[in-house]
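Notes to accompany the following structure.
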Amino acid sequence: LCSRSMALGERMRGRFDAMKKKYSSIADVRGLGAMTAVEFCRNGDPRQPAADMAAALKNEAAKRGLLLLLCGAHGNVLRVMIPLTIPEALLDEGLDVIEASLQAIGA
């Protein structure tokens, strides 16, 4: 189970790291195993939390059929905790929805 969790986490964080390079509103990507957090801030500045951007992402993803959870003191952190039984194709589909939603909201 530990190796599966680590493999899924690496796959997921790799995709989120690529998104971070593309979207300036992503300030940080962190996690352990299959648990990942993506922090949204204005221009990537952690002193300027972007809860509105995180909420817009959550709403856009919901329109596309993906439910997301936000957390953090400012509500600007996307929390992703995937089941260890998830097929890689389904994980990729969810990450595709997140990326399309980021593009749609102009992140």
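Read in order, the letters of the sequence shown are residues 397 to 503 in the numbering used here. For glycine and all other residues, C-beta sits at the position ideal for the given N, C-alpha and C. No experiment lies behind these values; they were computed from the predicted model shown.
Give me, in chain order, the residues of the same chain whose beta-carbon lies closer than 8 Å to that of residue i; leave out the 5 immediate sequence neighbours on both sides.
i	result
Val493	Ala457, Arg460, Gly461, Leu462
Inspect the beta-carbon positions of residue i and residue j and report whether they are closer than 8 Å.
i	j	result
Ala450	Gly471	yes
Ala503	Ser399	no
Met408	Leu491	yes
Val425	Lys416	yes
Once you ignore the five residues that flank residue i on each side, which residues in its own chain have a CB closer than 7 Å to its CB?
i	result
Met402	Gly429
Arg411	Leu491
Cys467	Val473, Arg475
Lys454	Leu464, Leu466
Ser497	Leu453, Glu456, Ala457, Arg460
Which residue's Cα is closest to the Cα of residue i: the options?
i	options	result
Ala447	Thr432, Met477, Ala433, Ala469	Ala469
Gly427	Leu397, Gln499, Gly405	Gly405
Leu397	Pro479, Leu464, Pro442, Gln499	Pro479
Leu464	Glu495, Lys416, Gly410	Glu495
Residues in the same chain with beta-carbon distance under 6 Å from residue i, minus the five sequence neighbours each way, listed in chain order, please.
i	result
Val476	Thr432
Gly440	Ser420, Ala423
Assuming residue i and residue j form a contact by the criterion Cβ under 8 Å, report the distance between their Cβ atoms to the nearest whole angstrom.
i	j	result
Cys437	Ala423	4 Å
Go ahead and label residue i buried or exposed: buried means 16 or more other beta carbons lie within 10 angstroms of its beta carbon, across all protein chains shown.
i	result
Glu435	buried
Pro445	buried
Arg443	exposed
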